[in-house]
Amino acid sequence: MSNPIPKTYTPLKFVIVGAGLGGLAAAIGLRLSGHHVIMLEQAPELGEVGAGIQIPPNSTKILDALGVREPLLAVSHVPKSYNFRKWDSGDLLSYLVLRPYCLEQYGAPYLHIHRADFHKVLVDRAIEVGVVIKLGARVMRVDFDDNSVITGDRRQFNADVIIGADGLKSQIRQTMLGRPDPPHNTGDIAWRALVRSSEVRKHEDLKFIWEEPKINFWWGPNIHVVVYLLNSNSGETVNIVVLSPDTLPQDVNVEPAQPGEILDLFSDWDPKLKKLLTLVHQTSKWRLQNSIEMETWVHETGNVALMGDACHATLPYLAQGAAQAVEDSAVLTGLFGRITDKSQIHGLLKTYENLRKWRTTQVVQGSTNCRDIFHLPDGEKQAKRDALLKLSPRKGYPNRWADPVFQKFLFGYDAFKEAERGWNSFVAHEPVTFVDNSLKL
């Protein structure tokens, strides 16, 4: 299959602020399409915190084009299925086959991987293709008139295009808005823990977790749990994430927790899940935050645009946050790989926004809606949900990944084809939008 990344004959200078997953994907793609790319990262060294992350096929097909398929597969698992379990008994409510289904249906596998390994693969590839990464470069100001950024140590970086990939607390977003725009609390926290696979394998009744890679969910009142294997550089582990109501102090966003604290949430839950949680020796609580949707991602006069969490932060209930940033990177790559004159820059940034904004809004809202589905309290609504899950998947199905309409929307998206469509509309001076009125969130 030919690589979908076009090669420009009008190379530009890009400055990307933020060397997270989305920013790195954009840097690699733009560099492969022939542009010069400098990344500015405020951290003094490169690295990622966190634990497991899921990479769905709408993202892996892009990563394949960026040339990182093999290094990703070397440090990831390809799960066989999603398994959705009842909170108190562990009984299977619903499932979705992922392997080989995603590869056959969407041309790319579903993966899970340690976030640090994912980040390292992208960093290595960025350096390999010639991206320049500046560390300890905290952007303090953007000059929209001459398209430059100024860092805290008074360095100035000029560019043809500036991309803000600096996350939920984006300085570029706040500069564009002309006011502070801190994230707001969502009312939930995520407990994260890793357990050595060798410890879990000692327990035969936990074989459904360690026998082969699968993603296991437990849906319960106000809480849900996600468990899957990680094939990390540091050894195989079991990744555990618990989403529960926020109990952190107002001025604290991340806090270590005692292992026993997490068990207190699960007194009446599935005994096998509780047994797994007794193996947790270290955990932490992370406040889930979000931002208000922006009216536009592109500065009205300057050649400055936002991507990823800087403009469409997504809660983790659909496992699509990083994937949407990677999609942004592919659309930017596909559009700017076709540019023929610098006068097209601002129009292409608006085309990027028009292609992406409606879709990311649907994903953000769909993720929020999943929280309500997962966390239903005991009662009539939960019983109705569980009864629907026993039926064949159809439009509006509570297991959103198995809903045939929503799944196609989510996994079937081809960012490079969308960029080509956007370019064709752009040169024809036609409006470009992405709207599917049949979609039910």
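Residue numbers are given in our numbering: position 110 of the sequence shown equals residue 99, and the series is strictly consecutive. No residue lacks a Cβ here, since even glycine has one placed at the ideal position from N, Cα and C. Since the model is a prediction, treat every value here as computed from it, not as a measurement.
For ASP403, the secondary structure class from DSSP, reduced to helix, strand or coil, is coil.
In this structure, the beta-carbon distance from LYS331 to VAL287 does not fall below 7 Å. Excluding five sequence positions before and after GLU201, the CB atoms of its chain that fall closer than 7 Å to its own CB belong to LYS69, given in chain order. Note that the C-beta distance between PHE400 and TYR95 is below 7 Å.
C-alpha of LEU277 to C-alpha of ALA32: approximately 22 Å in a straight line. For LYS373, the enclosing alpha helix (DSSP H) begins and ends at 369 to 378. At the C-beta level, ILE5 and ALA115 stay beyond 7 Å of one another. Taking the CA atoms as reference points, GLN371 sits about 6 Å from LEU365. Straight across, the Cα-Cα distance linking LEU377 with GLN354 is about 22 Å. Pairwise C-beta distances place the region 199 to 214 in contact with the region 56 to 69, as three or more of them are shorter than 8 Å. A Cβ-Cβ contact shorter than 7 Å links ALA404 with GLU316. Judged by DSSP secondary structure, GLN313 falls within the alpha helix (DSSP H) whose first and last residues are 310 to 325. In the assembly as shown, GLN43 is a buried residue. Its beta-carbon has 16 or more other beta-carbons within 10 Å. Excluding sequence positions up to five before and after LEU337, its CB lies within less than 6 Å of the CB of LEU324, all in the same chain and listed in chain order.
Taking 7 Å as the cut-off, the beta carbon of LEU82 is found closer than this to the beta carbon of PHE73. SER273 sits in a strand when the DSSP states are folded into three classes.
Contact annotation: GLY326 and THR(-3) have beta-carbon atoms nearer than 7 Å. Residue range 128 to 132 is occupied by the beta strand (DSSP E) that includes ASP132. Shown here for PHE395: same chain residues with a beta carbon closer than 6 Å to its own, the five before and five after excluded, namely ARG389 in chain order. In the pairwise beta carbon analysis, the region 176 to 185 is classified as touching the region 227 to 243: at least three pairs are separated by under 8 Å.
In the structure shown, the three-state DSSP call for GLY23 is coil. Excluding its 5 nearest sequence neighbours in each direction, ASP257 has C-beta neighbours in its own chain below 8 Å: ASP77, listed in chain order. Taking each of LEU183, ILE212, ILE27 in turn and checking the Cα distance to PHE146, the smallest one comes out for ILE27. DSSP, read as helix, strand or coil, puts SER65 in strand.
Rounded to the nearest whole angstrom, the C-alpha separation of GLY291 and TRP207 is 47 Å.
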